Each structure stands twice: as structure tokens, then as C-alpha cells.
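S.K.: The structure is given below, and queries will be raised subsequently.
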Amino acid sequence: MKNYKDQPEKHEKKSANGIVAVGIDKDHKGSQNALKWATEHLLARGSTLVLIHVVVKGTSQGSLANSIVDKGSSPHKDADGRTDEIFHPCHVFCARKGIQCKDVILEDSDVARALIEYAFLTAVEHLVLGASNKTGFLRRFKLADIPGMVAKGAPDFCSVYVVAKEKIQTMRSASRPAPALSPSSKHIQANTKSKLLETNMPLNNHAHEKRSTGAQSTIKDESESFRSPLTRRNLNGNSHRENTFPGMSTHGVSFSSEVDGKDSFGSLQYQKGSMDISSPPESFSSDSDGLLTSHATDDGIEAEIRRLKLELKRTMEMYSAACKEAFIAQQKTMELQQWKRGEERRLEEARLAEEAAFTVAEKEMARRKAAKEAVEARKRIAELKTKKRVAAEVKALKESEENIEALGALTNTGISYRKYSIEEIEAATEYFSNSLKIGEGGYGPVYKCHLDGTLVAVKALRPDAAQGRSQFQREVEVLSGIRHPNMVLLLGACPEYGCLVYEYMANGSLEDRLFCRGNTPPLPWRLRFKIAAGIVTGCLFLHQRKPEPLVHRDLKPANILLDSNYNAKISDVGLARLIPPSLIDNVTQYQMTSAAGTFCYIDPEYQQTGLVGVKSDVYSLGIIFLQILTARPPMGLTHQVERAIEKGTFAQILDPTIPDWPVEEALSLATLALKCSQLRRKDRTDLAKVVFPELNRLKNLA
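According to this note's numbering, the sequence shown is numbered sequentially starting from 31.
Now the structure itself:
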């Protein structure tokens, strides 16, 4: 069952087409809550409401099912008084709401079973119960979950509501429409449509004078027992009771359930009523007090009553069996329909899945065919390139063998460097104190200290640095053999622990100055043009080195250091590689095993193919020039500058901290930078013939 404690559900008021029943108990608070909720959510003005009270067998009200007793001392009379007290507040409330009510008393030892059987036999569509834990039959909720049992056992066309404090506590909704109208529901609808205009017919009514003898028979003021699952009686006021058996509308009739293990029906009692035995019992009428005094009795009446009792019992048994069979058949029909719908749905899903798989297979075949053709085309192109490369490599190998001795002599007998011991390095850096640390790179941390009375920068190899030892060796080999104003000066090294000693660069890296780290002032545009020209000069020196040029492979603002006069010096040449001169003249590229460098500065073709050349550094220079102009991160910078030039907003993309930019010269440098940073190597401009002259012009202008 659904729980509606926290979020009560709004219900539109129903029409009087379905039976609405409310469980009434001695616990007026719980019953009144249920009654009030039902009238506000399920009933419209002028509708009919069924009030159900269950007399539990074995309690003081169980005497309603007793046999014939004296009129003056009848316990039924006392029970009527007690039930009148129970129903009276409900009648007053319904009268104020303009709702007609019909009272029903059920007698059974099992409250839930009595409510379920009544709902099943009378086709009740809405059953409302109060969630009271006080006196009355709902008090047994503490011992047995009566609402839960009713919700589980109630027919699937009946919605069960449990109301606490005028709010739905729990609810079980109906899963199908109610069956064809039962006689009781027809009678309720007829009474609703006629505003319950009940006719009290006298005993000498013409309908009771159809016997050929013209005599009338009246039942004494006694009670005769009949078998039935329901107990009903008549009350004064706007409400009245009636049974649900075909062809009968009985006032003053009480049903009492007695469970004997074979059937669930009880005993039916006629109380203070009258019946015409000249014809089948089609209706029973009563006065406003519902009682008549019996004047005579005879054996014929008693025999007729016994006959009616047996006939009623058989009719009820047949009706119950037929209802159960119809219910089972309906359930089976619904199950078959559900199974059929499920099978149809599965077949449709399988068909759609098959069509989708066929479509995917066709697309996959077309894709594979296109991929195969593309692979074959690339294979042919690769074969042509391989032939050219093999020829160039053979020639380069020959020249390399001829120059190997000269290259070894250059490496070993070039300018020597000072070798420091680890003790000297530790003493100078105060055992690598963090207070002297001025930077951190991929190779390791950098410390500022004094060695031999000179202010120097010591770069220490980090133990976990990838390829750190090979970078150390490469940097020592390259820097110890060259001297240039735009290359950082190597003063010495500690080979055992991989420590490099450089000249100290007072203004740090170009990256720190462009982004004004440490609250440093922005670089003027004149210094920026001067720095750009210095970078190009140093890079060109590496490319024109003899006998074999060097490609830096990791040019970026962090590797451009600035001395006290803002002269640019290239550092971190640990990734530099020698390029045979024959390759420079012919195919301008050299096969490497893997790409190296920093993302956003690496040549795209080098990163994709592993082919490195002097124009790999030209791409990095283009990105650095754009950062010098804009002071922006490198990611997507070429696209931003291109868009600004196309839209005529180039002046807005320049570094806003410089108010006096020469826009024309800056645009010239930006255009040159975009040519250097082309994706294809063959589209990039020449460093010596184009870039170097233009940067010198801008330097002289500054």
C-alpha cells in the first residue's frame, strides 16, 4: 500500500455512480475523521453514503444474532439503542452536508473478513476506514493490521483508504473498474436519483392482497434465524438499511456470520417486520419505527420461513460460487491479455533491434571499406616517403661516420667546465635550504647561492626525474662547448649528483615577467621587442652550429631567462638534439623515437610523426611571440589572435597593462608569429631569411 502521511493526495469528488462506504465504530473521533474525509473528497451533495458497523461475535452486541426473545426484554432492542448512538452523530453530520446515508450492521468474529465480503458482494468501489486505536473494532489494529488485511483481501475494483486526523494515512487504489451493478448498488443509485424518497406502505397495501384467500399473515414480534454473511437493520431518520441479495430490499433484517469451517455465512434474522408469503419475497417495507406488532402466527408461516431460509442459503452459496468463478475467470483473462501484450511488445522490440543491428552492420561495412581505402592510400604515400628517407639516411650515415671523430674531439676538448664536489654545493646552498630556493622545473629545484665569491644558480637533479641523467649529460655537453650572449652560461657541474651551476639571472624567466609574478611591473613594449630579437638570435645560433646544428625542442617562456639588463638567454638545452647537416639541406627533418617538449609549444607534426627539424623550434617561437604581445596563456592563442585580426579588434587583444603599444609594429610581429605557428611545417616561414631580419628591425625601432 502506498503511504500518504507526508504528502496527502488530492481527490476530486466522485459522482454517485459507485458505492462509497465508511467504517463506523464506537471511536467517534476516528469514524468522524473518516466520514468527514469521505464527504469532502469522494461525495457530492445529494449522494448516498453507506455506513458500516461491525458487531464482533463474542462481545455484548453479539446478542443481535440470538433467537426469539420476548419483546419487552429483547436484547436487540438494547443493541438498537447502542447502534443508534453510534450512527446518530453520522446522520447529523450527513444531514448538514446534504448527503443521504444508508446504515449497515455486519456481525462476524473476523472484522476484516466481514468488510471484505461486504465489499465483494455489493461491489463497493471506495471503502474508507478511520485509523483510530481507541475503543471499538478498530482497536484491534494494535493486534491485527485490519486496514492492511482489508487492503490485501479487498477486491481489486475497490479502493481502500485509511484516514488519520482528516488525512490519508494509507491507500490502496483499485486496479480495474467495478463489475456490473449489484442489486444493492442499483438500489443506492435509485435512492440517490430520487433523493431517497422512501414510501412507507401500510400493511393492508394492495401488494399484500394478491392471495386468493385475501388473508394476510404477519410475522410475530420475534426473530427467526437465516444463513447470510451480512447483518442489517432499520434506523429512524434519513438513513435505512437493505441487503444485497437479488430480488430483496429488506428493512429490519439482521445478518450474523458464524464460521464453521465450511462456509463463511452466518444467520439472518427478521426482527419486528412483516412479510407477505403469498408471493416470493421481493421487498420488505416498514414504518418510521421499522417495527410492527405481530397478532398471529401459525405453522404455515414457520414452514414458509424455514423454506425461505434454505432457499436463501442455497441462493447465496450459488451466488458466492458464481462470483468467485467469475472473478477467477476475469483474473485469468487479464493475465492472458497481459501476457499477449508482453509478447507483442517483445516481438516489436526484437524487430526494432534486428533493424537497428542491420543498419549498424551496413554502416560498419561502409566505414571499414572507407578505412581500408584510406589505409592503402596512406601506405602508398608512406612507401614513397620511406624510399626518400632511406636514401637521405644512407647519405647522412656516411657523412656521420666521416665526422664522428671531429664530433668526439669537439665534445671532449672544447671549453672545459669547473667540477664541484657535493660538499661545496651543499655548503653553498645550506644543504638545499628552501629559503634559497628560487624555482622548480622538470629537471629539479633551482637554488640561489654563492660559489667562489660569485652569485650563481644551482639546479639540482631530482632523484625521480625521468631521463634526468641523460638530460644532465646533454646539457653539459652542449653548454660547455658553446659561448653566446643569448645562451645561458654554464659555470660548472657536479657529475656525481647531477648538479649544474649557471650564471645567476637577476630578472628570472620571461614567463614570470609577462605574468607579473612577485608583483613585478609589466615589461614595456620596447623591452619585449628586444627580448624577442634576443630569443631569435640565440635560436638561430643553435640552428647554424657547426658541424651539426642543434634543435632545442623545448622553447617556452619559462626557459627564456633575463639578466639584469633584460637580455634574453636560452636555457634548459637538455632535450636538444643534433641534426645532420645533409638533412637540413634536403628533407629538413630527422626521425626521433618519441616526441619531447611542453604541450602547446610542441610542433604538431613532430608530436604526430616523431620527425623533428629546425622548423620545430620555429613553431615554438611563434607561440612565444604571441604571448609577448598578449600576456595570455598559450592554449588556443593563435585562434584568438586570428579572430581579432579578422574582426579589426587586434588592439584589444594586446596586453592591456601597456598603454602605448605601437599597433602597426605589434600587428607586424603578430602576423609573423602566426606564419611561424602554422600547423604544417612546410608552411612556416624561414628563421634566417624572414624572422631574424624582421625582429632586428623591431629591435632597432625600440
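The C-beta atom is built at its ideal place from N, Cα and C for all residues, glycine as well. Computed from a prediction, not measured in an experiment: that's the story for all the values here.
#1: Specify, as a first and last residue, the run of the beta strand (DSSP E) that Leu-530 falls within.
#2: Please report how far the alpha carbon of Glu-526 lies from the alpha carbon of Asn-549, in whole angstroms.
#3: Can you tell me whether Ala-51 is helix, strand or coil according to DSSP?
#4: Can you give me the C-alpha to C-alpha distance between Ala-696 and Asp-584, rounded to a whole angstrom?
#5: Give me whichever residues DSSP pairs with Ser-189 in a beta bridge.
#6: Could you pull out every unbroken alpha helix (DSSP H) segment of at least 4 residues lying fully inside the segment 480–524, listed in chain order?
#7: Taking buried to mean at least 16 other C-beta atoms within 10 Å of its own C-beta, is Trp-555 buried or exposed?
#8: Relative to the C-alpha of Pro-177, which residue among Phe-655, Gln-199, Arg-727, Ile-675 is closest?
#9: Nearest CA to the CA of Trp-67: which residue from Arg-112, Leu-157, Lys-182?
#10: Given 8 Å as the limit, is there contact between the segment 444–459 and the segment 476–489, that is, 3 or more CB pairs closer than that?
#11: For the segment 650–661 against the segment 534–549, do three or more pairs of beta-carbon atoms, one drawn from each stretch, fall closer than 8 Å, so that the two count as touching?
#12: Is Ser-733 helix, strand or coil when you go by DSSP?
#13: Could you tell me the alpha carbon to alpha carbon distance between Gly-666 and Ser-707, rounded to whole angstroms?
#14: Round the Cβ separation of Gly-511 and Tyr-450 to the nearest angstrom and send it over; I've been treating them as touching at under 8 Å.
#15: Buried or exposed: Ile-452, going by 16 or more other Cβ atoms within 10 Å of its Cβ?
#16: Should Ile-390 be labelled buried (16 or more other beta-carbon atoms within 10 Å of its own) or exposed?
#17: Rounding to the nearest angstrom, what Cα-Cα distance links Tyr-534 and His-582 in this structure?
#18: Between the Cα of Leu-81 and the Cα atoms of Arg-371, Arg-75, Asp-114, which residue gives the shortest distance?
#19: Please state the DSSP three-state secondary structure of Thr-261.
#20: Evaluate the contact criterion for the segment 709–722 versus the segment 640–657: three or more CB pairs, one atom per stretch, below 8 Å.
#21: If we count Cβ pairs, one from each stretch, closer than 8 Å, do we get three or more for the segment 684–694 versus the segment 591–604?
#22: If you draw a straight line from the alpha carbon of Val-486 to that of Ala-536, how long is it in whole angstroms?
#23: Could you give the C-beta distance for Phe-117 and Leu-65, rounded to a whole number, given that I count them as a contact under 8 Å?
#24: So the candidates are Lys-586, Arg-375, Glu-373, Leu-427; which of them puts its Cα closest to the Cα of Gly-471?
#25: Quick check on Leu-570: does DSSP put it in helix, strand or coil?
#26: Give the single residue among Glu-385, Asp-140, Glu-394 whose Cα lies nearest to the Cα of Val-84.
#27: Only counting the same chain, and skipping five residues up and downstream in sequence, which positions put a Cβ closer than 6 Å to that of Lys-467?
#28: If distances are taken between C-alpha atoms only, which option among Ala-51, Phe-545, Pro-207, Ala-359 comes closest to Tyr-148?
#29: Check whether the Cβ atoms of Leu-591 and Arg-504 sit closer than 9 Å, and answer yes or no.
#30: Who pairs with Cys-131 in a beta bridge, going by DSSP?
#31: When DSSP labels each residue in this structure, what does Val-721 get in the three-state scheme?
#32: Please state whether the Cβ-Cβ distance between Gly-643 and Arg-575 is less than 9 Å.
#33: Closest to Ser-594 by C-alpha separation, out of Ala-588, Ile-561, Thr-639, Gly-568, would be which residue?
#34: Report back the beta-carbon spacing between Gln-77 and Gly-160 to the nearest angstrom; my notes put them in contact at under 8 Å.
#35: Apart from the five residues just before and just after Ala-703, which ones in its own chain have a Cβ nearer than 7 Å to its Cβ?
#36: When you compare the CB positions of Ala-125 and Glu-155, do they come within less than 9 Å of one another, or not?
M.R.: Once the coordinates are examined:
#1: For this step, residue 530 is matched to residue 500 along the sequence shown. Per DSSP, Leu-530 belongs to the beta strand (DSSP E) from 529–533.
#2: The residue you call residue 526 lines up with position 496 of the sequence shown. The residue you call residue 549 lines up with position 519 of the sequence shown. Glu-526 and Asn-549: Cα-Cα distance of roughly 38 Å.
#3: By 1-based counting over the sequence shown, the position of residue 51 is 21. Of the three classes helix, strand and coil, the one that applies to Ala-51 here is strand, per DSSP.
#4: Within the sequence shown, the letter at position 666 stands for residue 696. Within the sequence shown, the letter at position 554 stands for residue 584. When the Cα atoms are used, Ala-696 and Asp-584 turn out to be separated by approximately 25 Å.
#5: Translated into positions along the sequence shown, residue 189 becomes position 159. DSSP output for Ser-189 lists His-156 as bridge partner(s).
#6: You should have 498–509.
#7: Position 525 of the sequence shown, counting from 1, holds the residue named residue 555. Trp-555 should be labelled buried.
#8: What you label residue 177 is simply residue 147 of the sequence shown in a count that begins at 1. Put simply, of Phe-655, Gln-199, Arg-727, Ile-675 the residue whose alpha carbon is nearest the alpha carbon of Pro-177 is Gln-199.
#9: The count along the sequence shown starts at 1 and reaches residue 67 at position 37. With respect to the C-alpha of Trp-67, the residue from Arg-112, Leu-157, Lys-182 having the closest C-alpha is Leu-157.
#10: Contact between the segment 444–459 and the segment 476–489 is present, with at least three C-beta pairs closer than 8 Å.
#11: With the cut-off at 8 Å, the segment 650–661 and the segment 534–549 touch.
#12: The shown model of the chain, from 31 to 732, leaves out residue 733, and the question about it has no answer.
#13: Locating residue 666 in the sequence shown gives position 636, counting from the first residue. Locating residue 707 in the sequence shown gives position 677, counting from the first residue. Taking the CA atoms as reference points, Gly-666 sits about 12 Å from Ser-707.
#14: By 1-based counting over the sequence shown, the position of residue 511 is 481. By 1-based counting over the sequence shown, the position of residue 450 is 420. That belief does not hold up - the Cβ atoms of Gly-511 and Tyr-450 are roughly 19 Å apart, past 8 Å.
#15: Within the sequence shown, the letter at position 422 stands for residue 452. Ile-452 is exposed by the Cβ-count criterion.
#16: The residue given as residue 390 occupies position 360 in the sequence shown. Note on residue identity: the sequence assigns Val, not Ile, to residue 390. Looking at its Cβ environment, which holds fewer than 16 other Cβ atoms inside 10 Å, Val-390 is exposed.
#17: Locating residue 534 in the sequence shown gives position 504, where the first residue counts as 1. Locating residue 582 in the sequence shown gives position 552, where the first residue counts as 1. C-alpha separation (whole angstroms): 21 Å.
#18: Translated into positions along the sequence shown, residue 81 becomes position 51. Leu-81 has its Cα closest to that of Asp-114, out of Arg-371, Arg-75, Asp-114.
#19: What you label residue 261 is simply residue 231 of the sequence shown in a count that begins at 1. Reliability of the predicted coordinates at Thr-261 is poor, the pLDDT of 39 falling under 50, and no value is obtained from them.
#20: Below 8 Å, enough C-beta pairs join the segment 709–722 and the segment 640–657 to call them touching: three or more.
#21: Contact fails: fewer than three Cβ-Cβ distances are below 8 Å.
#22: On the sequence shown, position 456 is the one that residue 486 refers to. On the sequence shown, position 506 is the one that residue 536 refers to. Approximately 10 Å between the Cα atoms of the pair.
#23: Working through the sequence shown from its first residue, we reach residue 117 at position 87. Working through the sequence shown from its first residue, we reach residue 65 at position 35. Contact doesn't hold; Cβ gap of about 11 Å is too wide.
#24: Indexing the sequence shown from 1 puts residue 471 at position 441. Check the Cα spacing between Gly-471 and each of Lys-586, Arg-375, Glu-373, Leu-427: the tightest is with Lys-586.
#25: Within the sequence shown, residue 570 is the residue found at index 540, counting from 1. Reduced to three states, the DSSP call for Leu-570 is helix.
#26: Working through the sequence shown from its first residue, we reach residue 84 at position 54. Here the closest residue by C-alpha is Asp-140.
#27: By one-based count along the sequence shown, residue 467 stands at place 437. Closer than 6 Å at the Cβ level, and outside the excluded window around Lys-467, lie Pro-475, Tyr-477.
#28: The residue labelled residue 148 in the question sits at position 118 within the sequence shown. Tyr-148 has its Cα closest to that of Ala-51, out of Ala-51, Phe-545, Pro-207, Ala-359.
#29: For the purposes of this step, residue 591 is taken as residue 561 along the sequence shown, with counting starting at 1. For the purposes of this step, residue 504 is taken as residue 474 along the sequence shown, with counting starting at 1. Between Leu-591 and Arg-504, the C-beta spacing is not below 9 Å.
#30: Mapped onto the sequence shown, residue 131 falls at position 101. Looking at the DSSP output, Cys-131 sits in a beta bridge with Leu-79.
#31: Stepping through the sequence shown from its first residue, residue 721 is reached at position 691. Taken through DSSP and simplified to helix, strand or coil, Val-721 comes out as helix.
#32: Numbered from its first residue, the sequence shown carries residue 643 at position 613. Numbered from its first residue, the sequence shown carries residue 575 at position 545. Their beta carbons are not under 9 Å apart, which means Gly-643 does not touch Arg-575 by this criterion.
#33: As a first step, residue 594 must be located in the sequence shown, where it is residue number 564. Ranking the options by Cα distance to Ser-594, first place goes to Ile-561.
#34: The sequence position of residue 77 within the sequence shown is 47, counting from 1. The sequence position of residue 160 within the sequence shown is 130, counting from 1. According to the sequence displayed, residue 77 carries Ser and not Gln. That pair is no contact at about 20 Å.
#35: Residue mapping note: residue 703 aligns to position 673 of the sequence shown, counting from 1. Within the same chain, Gly-652, Phe-655, Leu-656 come within 7 Å of Ala-703 by CB-CB distance, once the 5 residues on both sides are set aside.
#36: Residue numbering aside, residue 125 sits at position 95 when the sequence shown is read from its first letter. Residue numbering aside, residue 155 sits at position 125 when the sequence shown is read from its first letter. No, Cβ-Cβ distance for Ala-125 and Glu-155 is not below 9 Å.
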